[in-house]
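Protein chains: 2
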Amino acid sequence: MNSFTEENYLKTIFHLSVKADGPVATNSISELMGNKAASVTDMLKKLAEKDLIHYVKYQGVSLTNKGKETAIAIIRKHRLWEVFLVEKLGFKWDEVHDIAEELEHIKAPELVDRLDAFLGHPSHDPHGDPIPNSHGEFQKNEWILLAKMNPGQTGILSGVSEHSTVFLQYLEQQGLLLGTRIKLEEIMAFDGSLKLVINQSQSLSISREAAKNLLMLHEN
Amino acid sequence: MNSFTEENYLKTIFHLSVKADGPVATNSISELMGNKAASVTDMLKKLAEKDLIHYVKYQGVSLTNKGKETAIAIIRKHRLWEVFLVEKLGFKWDEVHDIAEELEHIKAPELVDRLDAFLGHPSHDPHGDPIPNSHGEFQKNEWILLAKMNPGQTGILSGVSEHSTVFLQYLEQQGLLLGTRIKLEEIMAFDGSLKLVINQSQSLSISREAAKNLLMLHEN
DNA sequence: TTAAAAATTTAGATTAGTCTAAATATTGTT
DNA sequence: AACAATATTTAGACTAATCTAAATTTTTAA
Ligand SMILES: [Mn+2]
Ligand SMILES: [Mn+2]
Ligand SMILES: [Mn+2]
Ligand SMILES: [Mn+2]
Chain P
8 MNSFTEENYL
18 KTIFHLSVKA
28 DGPVATNSIS
38 ELMGNKAASV
48 TDMLKKLAEK
58 DLIHYVKYQG
68 VSLTNKGKET
78 AIAIIRKHRL
88 WEVFLVEKLG
98 FKWDEVHDIA
108 EELEHIKAPE
118 LVDRLDAFLG
128 HPSHDPHGDP
138 IPNSHGEFQK
148 NEWILLAKMN
158 PGQTGILSGV
168 SEHSTVFLQY
178 LEQQGLLLGT
188 RIKLEEIMAF
198 DGSLKLVINQ
208 SQSLSISREA
218 AKNLLMLHEN
Chain B
8 MNSFTEENYL
18 KTIFHLSVKA
28 DGPVATNSIS
38 ELMGNKAASV
48 TDMLKKLAEK
58 DLIHYVKYQG
68 VSLTNKGKET
78 AIAIIRKHRL
88 WEVFLVEKLG
98 FKWDEVHDIA
108 EELEHIKAPE
118 LVDRLDAFLG
128 HPSHDPHGDP
138 IPNSHGEFQK
148 NEWILLAKMN
158 PGQTGILSGV
168 SEHSTVFLQY
178 LEQQGLLLGT
188 RIKLEEIMAF
198 DGSLKLVINQ
208 SQSLSISREA
218 AKNLLMLHEN
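So the protein sequences, as listed, match chains P and B.
Going by our numbering, the first sequence opens with residue 8, and the numbers climb by one from there.
Going by our numbering, the second sequence opens with residue 8, and the numbers climb by one from there.
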């Protein structure tokens, strides 16, 4: 069995692999996990030893099939627990990420599938991320960053790429919930901030920083 | 914050304190936890340092108020999760102890009380043990061991003092569920085994070993 | 009341995961 | 191509939790 720590490394490597399409760099893992690069190197050796990653000194890493399966299983648990916390226990979407960070490491093999059934096999977590099924399959969302859209375009806010409480509370305060229709009116030349119209009525301005974490689906 | 390991020691010491009324011996902790006595001594020093136990070299330990509160909080979580697993996820009572052993260490402070409310503030876990409330209060059950009863006496099976899967499956197979009315007919002179009548109809024989783990309430 | 047995603690070692500082390899730039 | 900057790895050290073997204390019982 893998330790709590090994699982967190695998999950981090998985998330980084999705973005960058080459191998994942030691430093990027170090940065995302808040560990020093030297510590990361030690762990990479151990994960390679266990056939969870492909590791070539100085050349970065990628997940083996075994490693990918393991990572996806953890992500599945994380997202199912987030649904549980919001749907059943009444937590708000900005309160559940850290709790799920603990719950995702519970090992009991029966538990996940029973939880999934209890929740009615949800397809997405409270932040819009797809939940892998028990075979590890899940659809890739056709998301486009709000920050990449052009003035005049419209879309539905369907996900967030940052799960921190501060960010999610900010969104809620601005009325930016998942499912909100957003029209990008204008991009300010001065600071790149975005002028929006939400739900065809309310107008609102947000920073480019914020827009980089908002995932949109085109209407159709 | 206390580590996973420290929490398990506190819980073990609490359970041992309930039985033996003097201080708890190093060896008894060692035996129950499956660790060597030398390891226990190391941990006792650490727990004493953190004011969770009273520890006098060679004289055994007892919990401080702080230690007792901590232990009860963990037991509360353990028992609530067991109820969740049985009531909501459909696990059987013999499958949940080990899973709860993991879940009891989840730290999120909001979680417990929300779970408690979601479950409708249950008073007992699936094995008949009382669940402490959020202030750490819980009634002591007036249990008597089946093995201590006399022939002719009748009672309701209300708890078990052993939570292992093998034992619980054995009980289920014999039709010995919580709530069953049991009349003790006779104690065999040869091996001390007990002849029972359950629910006023079915007759059944069990070992003294089994009877030592069955907790009865007198009818009234 | 003293010697043997049992319980407990100490000493010294090991493993996982982390760190800092130093060494080495890779990449980018003149 | 050579040097500087950056990225990565190695070396050596630390903490938490465990172990074995040896030393010490307490208990039992002759
Ligand atoms: Mn999350
Ligand atoms: Mn995690
Ligand atoms: Mn239990
Ligand atoms: Mn535990």
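In this text, a Cβ means the ideal position worked out from N, Cα and C, and glycines have one as well.
Closer than 8 Å: residue i CB and nearest ligand 4 heavy atom
{"i": "B/N15", "result": "yes"}
{"i": "P/K114", "result": "no"}
{"i": "P/F11", "result": "no"}
{"i": "B/E109", "result": "yes"}
{"i": "B/K99", "result": "no"}
Below-9 Å beta-carbon distance, residue i vs any chain P residue
{"i": "B/I113", "result": "yes"}
{"i": "B/E144", "result": "no"}
{"i": "B/R86", "result": "no"}
{"i": "B/I106", "result": "yes"}
{"i": "B/L17", "result": "no"}
{"i": "B/F197", "result": "no"}
{"i": "B/L201", "result": "no"}
{"i": "B/E109", "result": "yes"}
{"i": "B/L175", "result": "no"}
Cutoff 9 Å: residue i Cβ touching any chain B Cβ
{"i": "P/I81", "result": "no"}
{"i": "P/L96", "result": "yes"}
{"i": "P/E179", "result": "no"}
{"i": "P/E117", "result": "yes"}
{"i": "P/E13", "result": "no"}
{"i": "P/F125", "result": "yes"}
{"i": "P/E102", "result": "yes"}
{"i": "P/R121", "result": "yes"}
{"i": "P/L191", "result": "no"}
{"i": "P/L92", "result": "yes"}
Pair within 9 Å by beta-carbon distance, residue i and residue j
{"i": "B/A27", "j": "B/S35", "result": "yes"}
{"i": "B/P133", "j": "B/E89", "result": "yes"}
{"i": "B/L201", "j": "B/S210", "result": "no"}
{"i": "P/T33", "j": "P/L51", "result": "yes"}
{"i": "P/L178", "j": "P/A217", "result": "yes"}
{"i": "P/L92", "j": "P/I106", "result": "yes"}
{"i": "B/N87", "j": "B/S168", "result": "Per the sequence presented here, residue 87 of chain B reads as Leu, with Asn not at that position. No, Cβ-Cβ distance for B/L87 and B/S168 is not below 9 Å."}
{"i": "P/I189", "j": "P/L164", "result": "yes"}
{"i": "B/K95", "j": "P/E109", "result": "no"}
{"i": "P/G41", "j": "P/D58", "result": "no"}
{"i": "B/G127", "j": "B/E226", "result": "no"}
{"i": "B/N157", "j": "B/T187", "result": "no"}
{"i": "B/L153", "j": "B/K219", "result": "yes"}
heavy atom of ligand 2 below 8 Å from residue i C-beta
{"i": "P/I81", "result": "yes"}
{"i": "P/H104", "result": "no"}
{"i": "P/H85", "result": "yes"}
{"i": "P/K18", "result": "yes"}
Cβ-based neighbour list, residue i, same chain, cut-off 6 Å, excluding 5 preceding and 5 following
{"i": "B/A78", "result": "L17, K18 and F21"}
{"i": "B/I151", "result": "M223"}
{"i": "B/I81", "result": "E14, K18 and E111"}
{"i": "P/S69", "result": "P30 and H61"}
{"i": "P/I213", "result": "L201"}
{"i": "B/L23", "result": "V31 and S35"}
{"i": "B/S141", "result": "D120"}
beta-carbon residue i near ligand 3 non-hydrogen atom, thresh 8 Å
{"i": "B/R215", "result": "no"}
{"i": "B/D132", "result": "yes"}
{"i": "B/E89", "result": "yes"}
Residues near residue i by beta carbon distance below 8 Å, same chain, minus five either side
{"i": "B/G29", "result": "G67"}
{"i": "P/S130", "result": "P137 and I138"}
{"i": "P/T48", "result": "T33"}
{"i": "B/Q146", "result": "P137"}
Neighbourhood of residue i by C-beta distance below 7 Å, restricted to the same chain and skipping five residues each side
{"i": "P/Q160", "result": "L191"}
{"i": "P/F11", "result": "H112"}
{"i": "P/E76", "result": "G143"}
{"i": "P/H170", "result": "H104 and H134"}
Residue i Cβ short of 8 Å to ligand 1 heavy atom set
{"i": "P/H128", "result": "no"}
{"i": "P/H170", "result": "yes"}
### Task
Quick one: which unbroken alpha helix (DSSP H) runs of 4-plus residues sit fully inside the region 147-174 of chain P? Chain order, please.
List check, alpha helix (DSSP H) in window: nothing returned.
### Task
Counting only runs of 3+ residues fully inside the region 45-112 of chain P, write out the beta strand (DSSP E) ranges in chain order.
60-62 and 68-70
#### Entry: Length-filtered (4 minimum) alpha helix (DSSP H) runs lying within the region 165-222 of chain B
172-180 and 215-218
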